[in-house]
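Numbering (the working numbering), first residue to last: 478 to 1017.
This report refers to the structure that appears directly beneath it.
Right under this line is the structure:
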């Protein structure tokens, strides 16, 4: 191709332009990009040359993107704003061909770096999203709630609501006043747990991106001594004046457990009640929180296995993040593997789960699927491919309580409290309970079973009031703790591999005595044997 030196003079330096971001082309190549056609005159070799007799050849312009840069300044992408059309004779434009191949290669390489590959380049927003996803949905909601209350107080006091820009001294003073004056919408004191949550929310908000404060309003006593003293004083004031309305989730009473298991509320004969039974068995046996991660369960979450003695059991096949185990280098969640063993009874939890899995809709991997509107018992598929609604899962125990006619309406978390209570009252050590429920400390278990059971309360009241009729059990005995004999002692599981917690959870009405009684019986017999042996040795 030949052009006039005035119209197109591409030097070696100009050829490097597209390879350098923000390089300013000092040619007129891009001047006419806004026009529909790009007119390139023929080569002129001098006066009277044959080329002068030809008309200029019109070459269609290359179609560019809507956001192409036609100012002559290149953007981040080396090919942005460059629109060159090769002429019919490519051999005379080999330099342009080579240049475009290099530019295309760089563009493709940059695309791989930003979209994939072994070491993708992430934007700041993408990095912040990773940090944000580390927090649970409930934690995010609580954080927004606490920050909103603090901002409302600042606005009401005609202070700057952007407390993120406060100095440490300003923030310390503001928090001191806030802790003393904050009230709920009814003008009453918040409960202890709510005050603790509000302070933690403010601290979490300040330490998270984009603010990323290095201090902590909760633990930096040197910087926030005054505000923390006020916070502790308000906690004591609320408790001293009886304004702490914290409600702990009660465990399901022994009588309601018996009524529930003998009712049709957990029947395996129809899709709705079968799904309720599966939910109840899993939450009870694994000590799960009422709604944690349940929407994310799939058909691969639980697996049925057999131990070395041939006993079938169910365990979780995947690791998950929970409130107490959020993941991280020091998290030992992977070593916690509770089991739900089969019972060889009509209401066996393993047999029920196996049946449930066989009745699921195979077109979806969702674990909790919506039951079909009309179904026959002989049908192979009882459920649709749609997931059970979040609200239905959240109120599962409420619906079960109503269906079974229990003495009170229990919440989902009451089932977890029942797991801890039954195991603790059966003599299972706290450390073993923690392996099932996932609690991090023994102290966190105490709130679940500090109170006496319903049966114990009836017995205590009967003893104090001399009311033997109301305090007696079915056998007529009013003793608060029955005396264990060899005939009624609770035997340990015959299979040593059987899960200890599952054995305790499957106690029936004929085995109401605790495992402690069995241990006491064994110790007594051992002492008797030692005494007899001692007498024999003395006689000899």
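Each residue gets a CB set at the ideal place from its N, CA and C atoms; glycine is no exception.
The model shown is predicted, which means the values in this text are computed figures rather than measured ones.
From the options, residue whose alpha carbon lies closest to that of residue i
| i | options | result |
| --- | --- | --- |
| residue 849 | 624, 747, 602 | 747 |
| residue 856 | 872, 867, 634, 833 | 833 |
| residue 751 | 691, 830, 641 | 830 |
| residue 923 | 894, 616, 692 | 894 |
| residue 789 | 937, 618, 665, 825 | 825 |
| residue 666 | 744, 681, 621, 718 | 718 |
| residue 779 | 842, 599, 596, 929 | 842 |
| residue 618 | 678, 866, 911 | 678 |
| residue 601 | 687, 901, 730 | 687 |
| residue 828 | 745, 815, 846, 903 | 745 |
| residue 846 | 749, 605, 642, 918 | 749 |
| residue 616 | 635, 680, 728, 852 | 680 |
| residue 605 | 614, 689, 662 | 689 |
| residue 920 | 603, 906, 693 | 906 |
| residue 867 | 770, 903, 785, 699 | 770 |
| residue 815 | 823, 925, 792 | 792 |
| residue 662 | 629, 634, 902 | 629 |
| residue 901 | 890, 917, 925 | 925 |
Residue i and residue j closer than 8 Å at C-beta
| i | j | result |
| --- | --- | --- |
| residue 607 | residue 669 | no |
| residue 737 | residue 892 | no |
| residue 772 | residue 870 | yes |
| residue 631 | residue 651 | yes |
| residue 653 | residue 695 | no |
| residue 764 | residue 896 | yes |
| residue 844 | residue 774 | yes |
| residue 931 | residue 739 | no |
| residue 881 | residue 742 | yes |
Buried/exposed call for residue i, threshold 16 Cβ in 10 Å
| i | result |
| --- | --- |
| residue 914 | buried |
| residue 885 | exposed |
| residue 655 | buried |
| residue 704 | buried |
| residue 937 | exposed |
| residue 817 | buried |
| residue 710 | exposed |
| residue 759 | buried |
| residue 754 | buried |
| residue 908 | exposed |
| residue 910 | buried |
| residue 728 | buried |
| residue 819 | buried |
Rounded straight-line distance, which links the Cα of residue j to that of residue i
| i | j | result |
| --- | --- | --- |
| residue 874 | residue 888 | 5 Å |
| residue 877 | residue 836 | 21 Å |
| residue 794 | residue 776 | 10 Å |
| residue 781 | residue 726 | 31 Å |
| residue 702 | residue 883 | 50 Å |
| residue 991 | residue 671 | For residue 991, the pLDDT reaches just 47, beneath the cut-off of 50, and the residue's location in the model is therefore unreliable, although a value from the coordinates is still provided. Roughly 38 Å separates the two Cα atoms. |
| residue 674 | residue 838 | 41 Å |
| residue 462 | residue 620 | Outside the displayed span of the chain (478 to 1017) sits residue 462, for which this structure offers no information. |
| residue 949 | residue 939 | In this prediction, residue 949 scores a pLDDT of 49, lower than 50, which makes its location untrustworthy; the coordinate-derived value is nonetheless stated afterwards. So the alpha carbons of these two residues sit roughly 8 Å apart. |
| residue 811 | residue 943 | Annotation note: pLDDT 47 at residue 811 (below 50); position unreliable, coordinate value reported separately. Computed Cα separation, rounded: 52 Å. |
| residue 660 | residue 627 | 11 Å |
| residue 862 | residue 691 | 48 Å |
| residue 859 | residue 840 | 13 Å |
| residue 734 | residue 899 | 11 Å |
| residue 622 | residue 720 | 21 Å |
| residue 645 | residue 684 | 13 Å |
| residue 903 | residue 714 | 38 Å |
| residue 872 | residue 614 | 18 Å |
| residue 676 | residue 929 | 33 Å |
| residue 917 | residue 642 | 36 Å |
| residue 851 | residue 865 | 16 Å |
| residue 1019 | residue 596 | With the chain running from 478 to 1017 in the structure shown, residue 1019 is simply not present. |
| residue 933 | residue 732 | 12 Å |
| residue 823 | residue 941 | 41 Å |
Range of the contiguous beta strand (DSSP E) that encloses residue i
| i | result |
| --- | --- |
| residue 861 | 860-864 |
| residue 716 | Residue 716 -> not in any beta strand (DSSP E); alpha helix (DSSP H) instead, spanning 702-717. |
Span of the alpha helix (DSSP H), counted from its first residue to its last, around residue i
| i | result |
| --- | --- |
| residue 833 | 826-836 |
| residue 748 | 748-763 |
| residue 936 | 931-942 |
| residue 867 | 867-871 |
| residue 627 | 614-633 |
| residue 739 | 731-739 |
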